[in-house]
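Asker: Please see the structure below; I have some questions.
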Amino acid sequence: MPCAVILTALPVEYLAVRTHLVELEERINPQGTIYEQGKFIGNEYEWEVGIAEVGAGNAGVAAETAQAIAYFQPNILLFVGIAGGITDVAIGDVVVATDVYGYESGKVGEQFLTRPKVGKSAYALVQRAKSEARKGEWLQRLSSSPFPQPRVFVAPIAAGEKVVASRQSDIFQFLRASYNDATAVEMEGFGFLNAAFAYPDIKAIVIRGISNLIEGKNDDSVESEEVRQEKASHHASAFAFEMLSKLKISQDLRESHKETQISVFLDHQPPDTSGFKGRQEEIEQLQKCLEEQRICQLQKCLEEQRICLVGILGAGGYGKSTLAAYCYKEASIFEDNPWITFNKPCSFKIFSLDLLNKLGQEVNENTDSSSLVHLLIENLSNHHFLLVLDNLEYLLNDERQFIDQGYKEFLLQWLEKKNYSTLLFTSREEPIILEKPHYRYHWLSLGGLSDDAGIELLRNHNITGQPLDLKTFVQVSDGHPLLLKLAASWLNPLPNDTADIEHILNQTDLNQFKQLVGIHRVNHEVNIYELLTASLERLPPGLKQLWLNLSVYKYRYIDLEAAQAVAPETIVQEGNLRELAKRSLLEELNSGGQRKYRFLKLLKDFAQRQVDIPIEVKQKVIEYCRSKAIPSGWNEQELSYAAYDRQIIKPPYWKNQGDVVEYLEIFYHYCELEEYGQAFHFLWSTGCDIFLELQGYNSIRVELYTKLKEPWEAYLSKLKLYLKSLSAEQQSTFNSLQKLFAKMLDFLGTAYRCLGQYQSAINSHQEALELFRDIGYCGIENAFSYRNLGQVYLAQGRNQKAVYSLEEARQEAVNSFEKARKIFNSIDDDLGELLSLQDLIDIDRALGEHQRSIERYRRMIAISQQRGNRLLEATTLNNLGITYNSIGQYQDAVDAHQRALQIFQALGDIPEQAESWRRLGDAYEALGRHKEAIDAHQQALLLNDNRLEQAHVLCRLGWDLQSSGQSKEAIEKYDQALATFQELSNLAGKAIALNGLGAANSNLSNYSQAEGYYQEALKIYHELNNPKGKAVVLNNLGVIYEQQDQYRQAFNSYKQSIRISQELPDPDLANDARTLGNLGRVANKLGQNYYNLRQYQQAARFYQQALNAFEGINDNFRNPTTDQGEAKALLGLGNIYHFLGQYSDAVDLQHGTLRISRQLGDHSGEAEALLGLGNTYYSLGNYNQPNDNNALQFYHEALTIFQELGNELGVARVKLGLGKTYHSLGQCERAIDYLKPGGA
């Protein structure tokens, strides 16, 4: 039974909805929310409907919507209630929202990214609403016939947090100016749709009845407000239930609300096995392999010995997929059985994101391949799954190596990892990495069916006869399953009848069959072609032409509508398609109660070789696919940003490649019609190309554009021959076509870059630029080509096998980005210049050129101010603040973030306010202003409704608390964050929380627990290949070793941290400064220890490393402690050189200590330096020469300071030096005064 949830805000709305339900029962969710659940009988189904009154306001409704979804898990979600009318509506009219503008989140303008936040109703529900609005049948659900008759508007509405009471109000004027297509205003729709957006399988829509008009809101002279609200509520409810009664829900949705997605590359539907016969020996082998799962559950100690990968190998048509599907459906011991069919090459990223999504794992689309491998292995190994990968050969090249190395890494780790899941795949070819025998995988090579199984298959296809006759027939075809099915069709042209082989297979027929299939016994594909040719001759002409026409479809499945679109003169019915399926000419699929069909590859190849599909058929396909194409959901401005400016904006209605299959079909057929420019223009102008790039489907893009390039280029070359004879207008058209071709080359380059094929990308971009030069074009497309070329150079420079070194690549990138920037500037394209400036900033950051980045950010701010784009100005200010923070200019960072915060507050942009508070808190914490940091981070936490971001802010709060001495409170915050990161399977966040727990426990002297947390974080950073994270944790490990006086371990940990950081292109300067300071401090301690042991060479080595560490700290991060450490290292080295007799070096070093100590006002350090100088000059025999550089002078200065400090040990050490010096001068009485008891 399908399920719907209807939410309302007010009691009057709730009661209106409730009247349409029967058998109402109370339901209470775990949070205590009380619902009622009843039944509603629609035209198609009986619905279970949950209803709730959730109160007013977007924020509260969003939370209640999420709870309702979690509790009911509905197929359909409706918000039904009343609203205020703005334009063209009357009291009692119904407005169904196509879009709901969250008008308090920003203003609409022509500036970059200054767009409203929009909640969109589900496309299918909007279409249903339009249909019901035209029919007017919903009025029959009203208890009386109202006059005048209410109308239905399917249009945008606006939602905010304030009741709009007057046309003279500022808010109403703002709505009219900024949201002039909004027909109504309310307070809940945006929050409702925003919450529903996170559940793409649930369709949601907002339905409102107009209870008042903004002008005259409180005028009760005609009808009271109570009457108007009741009327509007009943009208909205009646329309909502009329829509619900007409909705059609697929079988899959009725069972679980999860709709099977059909895509270009990935299909989750196993083939039909209803007619499966034979293969008992192979089934037993496979089931034995899979049965080891049960043994594994009981005997975990044998886990490493069990088979975890099973492969079925065989040529086309032998039934690999059907055999796998049979075992798949029979395998009842697994928790879940994900099935994925590849029907084209597919990148590992697409595959892994698709599979992780199917397993319920939310993953960032920008996650790198290594992390995806880790997430897949972790998800699969901790569960008891059977994962089937069908048609693995599509992932292999001619050398049987994986095209995308992610698959190779996945399989290798799969075999190494202890796990409870099993991978079953089918393939025509064996991947080369699996050639060597291995105890953890098993191969099953598939041959023909046994005689008995082949006979059973024939009988299943209504071919009867004597066993010997049937056996002869099976043996002639070598038991090839597809060949037998086609043969059955050939023998019995009437699939519903029974044919006795004894009567139809006389010697002449048998000879003909042997001639068809027996002469190519080694190559069954040839046999199939021969048999198909004969079978086609037996088909009725209309059915034969239909079958040939159906092969025109490149990507999409075939259903009755698709068949009717390309049908010859005869009318096509479902029976025609089913007959083709029974003849094994099509494969029938049952998808949610809807019959769909597809060609097996061998059969499609054959069909397309038989005849040239007429032009009009291809044109019909284009027309049909245009009618079925799912719109992106972008408005005109968003489409412009996406298609023209290549800005990444997710389309509301496109989720995967299956949603754009009609677009790809149209592109293909334009190419077939030699309308190359139209093919490319259609793909990019609709936004389909940028969607494919955004989703990572770049292998599709390369396939499309490489196939387009050659014929289009040949076409242009032919036109070029006649260029001189063309008119000026024709030449202009030709140049436009060339410009479009250059643009296509540029897009091809971006696809190559995303796939890591950098040289091909460079070649494509350079071809585009050369063509732009040839036609004298210097505009936006030219600028984007330079920008894209720069991005390729950057990407190639990071590649270890790159032609260019990293430095060369960066310089090439800078040159390209600068050329792009100049073109954008010359054509007054501020947006393009901003993008180029950001590209240059990214390189500056990698090179450590932070001051140059700051200058570019200031330029971006100036452009934003000129354009009046406050949103971009604030975003750039935050980025500027981040840069200031990274180089230790913390007060500048505070100023930048405060300015950004003020702008976001003026714009009412809550998420960006939260981000600004977070960054502001970071800057305060770096300044040691802990109280302000805590306050800022708490503000960020309050404003943020994203759980992942909340967890990151909790970690920052933890750091603030432990820095201010509240380590126990910090641990609570880190534990909260850790729980969230674990729930979301966010490894990077988990490592951050573990690192924080280590630091807080270290502060509490819980060193063992701290080290455990650090080691766990270090392990995660290693798995994620995150060197910055490793450097931070190693520094922190060094701290706890140092706190436990384990100086050598601390020293090694600090050294390792610095070594890792020095290899980074953009190191964490703040962490480096901390680590270098720690390293210098520990090295000084180790130097002192060895000095005390009189191991002067060892001591000198550590003091020198301490000195190097302190001198290596960036000026912005230096502080008095840094200088004190440097002075101590200089003094230690100076004293060692003194004892080693290197007096000149000793004097220089000790003078260095003296200079720093005096600058710092460090009297203790000053006295130590003076004492060291006295000792060195004494050793030089320079006791009392008439200048400042003599032993007595330094000793007396040191003595005075030590006495003022009350440092008795220091006084005694100086008096010893004075006594020795006066003794050397022959002044024995003075010497005795210093050396006698009470003296030295």
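Going by the working numbering, the sequence shown opens with residue 195, and the numbers climb by one from there.
Beta carbons: idealized from backbone N, C-alpha and C, even for Gly.
1) Given a cut-off of 7 angstroms on the beta-carbon distance, is the pair residue 824 and residue 791 in contact?
2) Using a Cβ-based criterion (distance less than 6 angstroms to any ligand heavy atom), does residue 863 qualify as near the ligand GTP?
3) In the DSSP assignment, the beta strand (DSSP E) including residue 406 goes from what residue to what residue?
4) At a cut of 8 angstroms, does the region 427-441 reach the region 220-240 through at least three beta carbon pairs?
5) What's the gap between the Cα of residue 741 and the Cα of residue 636?
6) For residue 330, which beta-bridge partners are listed by DSSP?
7) Hey, quick one: how far does the alpha helix (DSSP H) through residue 760 stretch, first residue to last?
8) With which residues is residue 197 paired in a DSSP beta bridge?
9) What does a CB cutoff of less than 8 angstroms around residue 627 pick up in its chain, not counting 5 residues either side in sequence?
10) Residues in its own chain within less than 6 angstroms of residue 1348 by CB, not counting five upstream and five downstream?
11) Report the CB separation of residue 620 from residue 515 in whole angstroms; it is logged as a contact under 8 angstroms.
12) Please list the terminal residues of the continuous beta strand (DSSP E) segment that includes residue 1406.
13) When DSSP builds the beta bridges, which residues end up paired with residue 568?
14) Grouping DSSP H, G and I as helix and E and B as strand, with all else coil, what is residue 906?
15) Applying the 10 Å Cβ sphere with the 16-neighbour rule, what's the burial state of residue 805?
16) So the candidates are 1112, 1118, 1082 and 980; which of them puts its Cα closest to the Cα of residue 1135?
17) Would you be able to state if there are at least three C-beta pairs under 8 angstroms between the region 565-579 and the region 535-555?
18) Hey, residue 1151 and residue 1125: beta-carbon distance below 7 angstroms or not?
19) Within 10 angstroms of the Cβ of residue 536, are there 16 or more other Cβ atoms? Answer buried if so, exposed if not.
20) For residue 579 and residue 1176, what's the separation of their Cα atoms in angstroms?
21) Counting only beta-carbon atoms, is residue 811 nearer than 7 angstroms to chain D?
22) By the three-class DSSP mapping on this structure, what secondary structure does residue 1300 have?
23) Got a sec? Which residues, its chain only, sit under 8 angstroms from residue 1277 by beta carbon, not counting five neighbours each side?
24) Between the beta-carbon of residue 211 and the beta-carbon of residue 280, is there less than 7 angstroms?
25) Suppose you measure from the CA of residue 1069 to the CA of residue 1160; what does that come to, to the nearest Å?
26) When we look at the beta-carbon of residue 1409 and count the other beta-carbons within 10 Å, is it buried (16 or more) or exposed?
27) Identify whether residue 247 lies in helix, strand or coil by the three-state DSSP scheme.
28) Could you check which residue in 763, 393 and 862 has the C-alpha nearest to that of residue 812?
29) Are residue 405 and residue 434 close, meaning C-beta to C-beta below 7 angstroms?
30) Determine the closest residue to residue 1041 out of 1023, 1059, 1325 and 1008, with distance taken between C-alpha atoms.
31) Which residue or residues does DSSP assign as beta-bridge partners of residue 352?
32) Only counting the same chain, and skipping five residues up and downstream in sequence, which positions put a Cβ closer than 6 angstroms to that of residue 543?
33) Which residues in the same chain have their Cβ closer than 7 angstroms to the Cβ of residue 344, if we skip the five residues on either side of it in sequence?
34) Excluding the 5 residues preceding and the 5 following residue 1024 in the sequence, name in chain order all residues of the same chain whose CB lies nearer than 6 angstroms to its CB.
35) Determine the direct distance from the alpha carbon of residue 616 to that of residue 541, and round the result to whole angstroms.
36) Measuring only the C-alpha atoms, how far is residue 1268 from residue 1261?
Answerer: Reading off the structure:
1) Counting from one through the sequence shown, the residue named residue 824 turns up at place 630. Counting from one through the sequence shown, the residue named residue 791 turns up at place 597. In this structure, residue 791 does not lie closer than 7 angstroms to residue 824 by Cβ.
2) The ligand GTP is not part of this structure, which contains no ligands at all.
3) Here residue 406 corresponds to residue number 212 of the sequence shown, with the count starting at 1. From DSSP, the beta strand (DSSP E) with residue 406 extends over 397-407.
4) Contact annotation: the region 427-441 touches the region 220-240, with at least three C-beta pairs closer than 8 angstroms.
5) Indexing the sequence shown from 1 puts residue 741 at position 547. Indexing the sequence shown from 1 puts residue 636 at position 442. Taking the straight line joining both Cα atoms gives about 40 angstroms.
6) Indexing the sequence shown from 1 puts residue 330 at position 136. According to DSSP, residue 330 bridges with nothing at all.
7) Taking the sequence shown and counting its residues from 1, the one referred to as residue 760 is at position 566. Secondary structure note for residue 760: it is in no alpha helix (DSSP H), with a DSSP letter that is neither H nor E.
8) Counting from 1 along the sequence shown, the entry for residue 197 is found at position 3. Answer is 242.
9) As a working mapping, residue 627 is identified with position 433 in the sequence shown. Contacts found: 595, 596, 602, 605 and 606.
10) Translated into the one-based positions of the sequence shown, residue 1348 becomes position 1154. Excluding positions up to five away in sequence, the list reads 1363.
11) As a position in the sequence shown, residue 620 is number 426, starting the count at 1. As a position in the sequence shown, residue 515 is number 321, starting the count at 1. Sure, about 6 angstroms apart at Cβ, within 8 angstroms.
12) Within the sequence shown, the letter at position 1212 stands for residue 1406. Premise fails: residue 1406 lies in the alpha helix (DSSP H), 1402-1418, not in any beta strand (DSSP E).
13) Here residue 568 refers to the residue found at position 374 of the sequence shown. DSSP lists no bridge partner for residue 568.
14) Counting from 1 along the sequence shown, the entry for residue 906 is found at position 712. The answer is helix: DSSP assigns residue 906 an H, G or I state.
15) Walking along the sequence shown from the start, residue 805 turns up at place 611. By the 16-neighbour rule on beta-carbons within 10 angstroms, residue 805 is exposed.
16) Working through the sequence shown from its first residue, we reach residue 1135 at position 941. Ranked by Cα distance from residue 1135, the first of 1112, 1118, 1082 and 980 is 1112.
17) Verdict: yes, contact present.
18) Taking the first residue of the sequence shown as 1, we reach residue 1151 at position 957. Taking the first residue of the sequence shown as 1, we reach residue 1125 at position 931. Going by C-beta atoms, residue 1151 is not nearer than 7 angstroms to residue 1125.
19) Reading the sequence shown from its first residue, position 342 is the one you call residue 536. The residue is buried, with at least 16 neighbouring Cβ atoms inside 10 Å.
20) Counting from one through the sequence shown, the residue named residue 579 turns up at place 385. Counting from one through the sequence shown, the residue named residue 1176 turns up at place 982. Roughly 21 angstroms separates the two Cα atoms.
21) Note that chain D does not occur in the displayed structure, where there is just one protein chain.
22) As a working mapping, residue 1300 is identified with position 1106 in the sequence shown. Three-state DSSP puts residue 1300 in a helix.
23) Your numbering for residue 1277 matches position 1083 in the sequence shown. Excluding sequence neighbours, residue 1277 sits near 1245, 1296, 1297, 1299, 1300, 1303 and 1323.
24) Translated into the one-based positions of the sequence shown, residue 211 becomes position 17. Translated into the one-based positions of the sequence shown, residue 280 becomes position 86. Taking 7 angstroms as the Cβ cut-off, residue 211 and residue 280 do not qualify as a contacting pair.
25) What you label residue 1069 is simply residue 875 of the sequence shown in a count that begins at 1. What you label residue 1160 is simply residue 966 of the sequence shown in a count that begins at 1. Distance from the CA of residue 1069 to the CA of residue 1160, rounded to the nearest whole angstrom, comes to 33 angstroms.
26) The count along the sequence shown starts at 1 and reaches residue 1409 at position 1215. With 16 or more neighbouring CB atoms inside 10 Å of its own CB, residue 1409 falls in the buried class.
27) Taking the sequence shown and counting its residues from 1, one reaches residue 247 at position 53. In the structure shown, residue 247 sits in a strand (DSSP, three-state: E or B).
28) By 1-based counting over the sequence shown, the position of residue 812 is 618. Among 763, 393 and 862, the Cα nearest to that of residue 812 belongs to 862.
29) As a position in the sequence shown, residue 405 is number 211, starting the count at 1. As a position in the sequence shown, residue 434 is number 240, starting the count at 1. Contact: no.
30) Stepping through the sequence shown from its first residue, residue 1041 is reached at position 847. Taking the Cα of residue 1041 as reference, the smallest distance to any Cα among 1023, 1059, 1325 and 1008 is reached at 1008.
31) Stepping through the sequence shown from its first residue, residue 352 is reached at position 158. DSSP lists 295 and 379 as the bridge partner or partners of residue 352.
32) On the sequence shown, residue 543 is found 349 positions in, with the first residue counted as 1. Excluding residues within five positions, the ones whose Cβ falls inside 6 angstroms are 890.
33) Indexing the sequence shown from 1 puts residue 344 at position 150. So the list reads 286, 287, 288 and 429, once near-sequence residues are dropped.
34) Residue 1024 sits at position 830 when you count from the first residue of the sequence shown. So the list reads 1057 and 1061, once near-sequence residues are dropped.
35) In the sequence shown, the residue the question calls residue 541 occupies position 347. In the sequence shown, the residue the question calls residue 616 occupies position 422. Cα atoms of residue 541 and residue 616: separation of roughly 22 angstroms, rounded to the nearest angstrom.
36) Numbered from its first residue, the sequence shown carries residue 1268 at position 1074. Numbered from its first residue, the sequence shown carries residue 1261 at position 1067. Their Cα atoms are separated by approximately 13 angstroms.
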